[in-house]
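With our numbering, the residue at position 54 of the sequence shown is 829, and numbering never jumps. Each residue gets a CB set at the ideal place from its N, CA and C atoms; glycine is no exception.
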Amino acid sequence: EPLETFTLITTDANELAAEIHDRMPVIVHSDDRQAWLAGAEIPLEPFPTTGMSARRVSTFVNNSRHEGPECVA
């Protein structure tokens with residue numbers, strides 16, 4: 776059977792994410808995607824806040840059994 780798994784790599788939070796938590800997922804910059812997929816080392820640093828935004832969401836998303844458009848509404 777195929778093994779379905781993943782790893783979430785985190786780094787220090789950028790200024791925007793730091794308002795919520797002290798770390799954030801690493802976001803691979805589009806310029807680094809091919810290198811990352813090829814197995815090259817890339818910087819695993821906080822993504823720039825430019826182009827990012829934050830907004831409040833319902834506590835509905837806190838339950839892993841919840842799925843569907845309500846999670847992103």
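- Collapsing the DSSP output to three states places P844 in a helix.
- Residue pairing by DSSP places T785 opposite P800 in a beta bridge.
- Between the C-alpha atoms of I802 and E842 there is a straight-line separation of about 23 Å.
- Going by C-alpha positions, A848 is about 36 Å away from E816.
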